[in-house]
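Residue numbers (this note's numbering), protein chains in the order written: chain D, 14 to 347; chain V, 14 to 347. The structure appears below as structure tokens.
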DNA sequence: ACGGGAATTGGAAACGTTTCCAAGAATGAA
DNA sequence: TTCATTCTTGGAAACGTTTCCAATTCCCGT
């Protein structure tokens with residue numbers, strides 16, 4: 014079933030049929046109508062490969078999820094796909110975990126396929142960076158801030174991580190906490206952890222406290238088990254913590270378990286604050302106070318940015334979306 | 014950069030170059046070597062659109078995720094993508110929530126693109142069924158059992174849901190529970206909920222108890238909020254429950270919260286058992302006893318099945334993988 | 001009724017592959 | 001050495017579109 018079959022059956026030429034398919038001007042209403050009717054009757058569907066071959070623009074948008082197990086990304090993926098689908102854009106997803114070489118290989122692989130666009134989900138700029146210099150495809154980074162990097166085609170949408178972390182720690186400070194431990198992420202520059210740490214540091218400093226990275230910080234991956242182990246470690250190291258700031262909700266979740274396993278209670282003995290507001294933090298026992306980062310909104314803005322780059326060739330933009338501290342039950346006043 | 018450029022530069026014809034690219038026989042070692050060298054030198058990458066156009070087999074594998082918010086599927090997606098990627102197969106993901114028309118439209122849309130294969134993630138057979146009769150593409154259903162349906166190209170990989178549910182409820186029964194409430198899923202046939210309910214019913218009957226669906230069962234979607242509301246409802250309706258069986262872990266998570274919100278404790282007042290063993294159930298407070306359904310294994314088997322259908326045209330198969338009851342802290346003996 | 005510009009139309013060429021067929025080269029048996 | 005196989009090779013045709021150019025038709029002002 015061809016465009017030629019449609020042409021033959023409708024009595025028009027292939028050119029005209031193609032124009033109808035692509036909603037182009039210079040087609041009489043009569044022709045359009047007739048052709049549409051024939052297409053419907055025959056159940057014609059254009060062959061996307063032929064189309065892309067000719068148009069030279071290509072395969073679907075490639076999405077990279079950097080950090081398997083971080084629920085935040087799962088929450089973004091759905092809305093992102095939906096938003097793009099509304100504009101007829103497909104996504105091809107690749108799940109990656111930290112390894113730089115693996116990331117590199119995956120990006121190369123997808124690049125070779127000439128995706129029309131790319132989306133990177135992940136806070137760890139570092140893992141991407143090595144591959145970024147060659148990126149000419151319109152791309153958007155979600156969750157990691159690419160504004161420092163000067164790539165012409167690299168947009169990003171993110172919250173102000175520094176400010177958010179500052180408000181989280183500020184929240185703890187206001188409630189009288191002075192000995193605050195931090196778990197999750199790591200200090201390497203360009204990592205999202207670094208930004209959040211910087212925010213925490215600022216808040217602390219405003220209260221005249223200097224963050225002791227050796228003692229009060231324990232890095233870990235953004236997965237439950239990471240949070241569990243890091244928190245255990247932290248708790249063993251210093252006995253006087255009254256609050257823990259987890260740099261991500263999955264981490265907070267592991268942290269909660271670790272605290273309870275040491276026979277302590279949240280927030281009775283230790284207050285806990287998370288980051289992201291993934292679905293389960295409002296169902297956890299106790300409900301976890303956290304920084305709300307709206308996954309749907311992030312996804313939607315990312316789609317918007319990508320789409321406008323795709324359609325009108327809009328230049329890269331770095332967009333900030335709002336965050337919000339949502340108070341629940343895991344923090345108490347001292 | 015063409016296959017023709019490679020041909021010209023290497024001194025061979027396009028036919029030979031194509032054979033080299035596709036690892037076909039009847040190419041001399043000398044030719045192969047030379048052509049490979051030229052390809053490497055020029056950084057040649059085949060154009061997949063041209064290739065697929067010609068080969069008529071097409072675009073990537075289409076994956077449908079039926080039930081946004083059910084973490085189980087997020088856990089399957091990663092390993093599935095990884096397994097398929099190892100064989101150079103891309104996946105295009107579409108996220109869907111229940112609506113039959115939406116599902117229908119999405120499947121039609123993807124079908125029109127002639128994916129070489131399809132994977133359906135979701136327990137709700139019903140939503141798919143309307144679209145299934147036209148499926149000619151090799152497909153596999155993960156988590157829902159398609160063995161009743163007789164589609165030639167429709168494989169499935171799943172655990173024995175009936176047996177698993179029976180063992181879950183059996184576990185409760187053995188510990189002395191007699192008044193057991195059930196939340197999650199629904200009774201419509203072909204739904205995964207129905208299978209799990211059937212298992213529960215069997216276990217109950219073995220102990221001479223008849224399941225009263227009106228009183229002791231409350232259906233809901235597989236998301237946290239569903240579990241929360243359904244459980245609240247159930248608890249309000251009957252005051253004498255000593256245990257709740259949640260038909261999915263996300264549901265269990267909402268259930269836990271609902272129970273606690275009524276001032277009851279788990280497992281002190283009410284024992285809770287889940288289904289799936291998604292990551293957070295082992296971190297919840299208390300840790301949730303559940304049926305382990307190995308997401309990675311499910312994904313891997315699904316990939317295997319799909320791949321063999323793709324490569325050798327193997328016929329549809331219905332595969333059962335093992336489940337396991339994992340005892341944690343949310344169930345106590347009466 | 002006529003001329004001219006705009007709107008519509010048809011069809012050939014091109015996109016980058018794979019595949020098929022025919023031809024040429026190599027091998028081995030007699 | 002010769003003939004019959006088998007291996008290797010080149011190149012044309014085809015996959016189903018879009019796009020461009022030229023040709024036709026239409027419409028309107030005079």
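Beta carbons are placed, not taken as given, at the ideal position from N, Cα and C, and that holds for glycine.
Item	Value
Element boundaries [beta strand (DSSP E), containing residue 79 of chain D]	74 to 79
Three CB pairs or more closer than 8 Å across the segment 216 to 231 of chain V and the segment 155 to 170 of chain V	no
Contact set between the segment 262 to 279 of chain D and chain V, restricted to residues whose Cβ is under 7 Å from the partner	266, 267, 269, 270 and 273
Simplified DSSP state of residue 223 of chain V, which is helix, strand or coil	coil
Identity of the residues DSSP links to residue 337 of chain V by a beta bridge	V:305
Validate contact between the segment 284 to 295 of chain D and the segment 22 to 32 of chain V using beta carbons, cut 8 Å, 3 pairs	no
Buried versus exposed call for residue 67 of chain V [16 or more other C-beta atoms within 10 Å across all chains shown]	exposed
Chain-ordered neighbours of residue 202 of chain V on chain D, where CB pairs are closer than 9 Å	By Cβ distance, chain D contributes nothing, its closest Cβ being about 27 Å from residue 202 of chain V, past 9 Å.
Chain-ordered residues of the segment 50 to 62 of chain V with a beta carbon less than 8 Å from chain D	58, 60, 61 and 62
Rounded straight-line distance, which links the Cα of residue 345 of chain D to that of residue 123 of chain D	48 Å
Exposed unless 16 or more other CB atoms sit within 10 angstroms - verdict on residue 83 of chain D	buried
Closest residue to residue 10 of chain D among D:237, D:47 and D:283 (Cα-Cα distance)	For chain D, the structure presents residues 14 to 347; residue 10 of chain D sits outside this window and is missing.
As assigned by DSSP and simplified to three states, the class of residue 171 of chain V	strand
Euclidean distance between Cα positions of residue 261 of chain V and residue 118 of chain D	36 Å
Collapsed DSSP secondary structure at residue 189 of chain V in the structure displayed	coil
Any chain D beta carbon closer than 9 Å to residue 348 of chain V	Missing from the structure shown is residue 348 of chain V; chain V here goes from 14 to 347 and no further.
Backbone secondary structure at residue 241 of chain D - three-state DSSP	helix
Interface residues of chain D facing residue 94 of chain V [CB-CB closer than 8 Å]	106, 107 and 108
Per-residue DSSP class, three states only, for residue 289 of chain D	strand
Sequence-distant residues of the same chain with beta carbon closer than 7 Å to residue 170 of chain V, five excluded per side	153, 155, 311, 314, 315, 318, 332 and 334
Neighbour flag for residue 259 of chain V against chain D, beta carbons, 9 Å	no
Per-residue DSSP class, three states only, for residue 102 of chain V	coil
Short CB-CB distance (under 9 Å) between residue 73 of chain V and chain D	yes
Any alpha helix (DSSP H) of 4 or more consecutive residues that is wholly inside the segment 98 to 146 of chain D	113 to 125 and 138 to 145
Where the alpha helix (DSSP H) through residue 269 of chain V begins and ends	262 to 274
Partner residues on chain V for residue 125 of chain D, Cβ-Cβ distance less than 7 Å	58
According to DSSP, residues forming a beta bridge with residue 332 of chain D	D:170
CB-CB length for residue 168 of chain V against residue 322 of chain V, believed under 8 Å	7 Å
Contact with chain D by residue 300 of chain V, beta-carbon distance below 9 Å	yes
Residue environment, residue 179 of chain V, which counts as buried when at least 16 other CB atoms sit within 10 Å	buried
N- and C-terminal bounds of the beta strand (DSSP E) containing residue 152 of chain V	152 to 155
Presumed contact (8 Å Cβ cut-off) between residue 201 of chain V and residue 258 of chain V, rounded CB distance	Rounded, the Cβ-Cβ distance is 19 Å, inconsistent with contact.
Alpha-carbon spacing of residue 64 of chain V relative to residue 128 of chain D, whole angstroms	15 Å
Those residues which DSSP pairs with residue 258 of chain D across a bridge	D:195 and D:286
Which of helix, strand or coil DSSP assigns to residue 230 of chain V	strand
Among D:138, D:340, D:186 and D:217, the one whose alpha carbon lies nearest that of residue 203 of chain D	D:138
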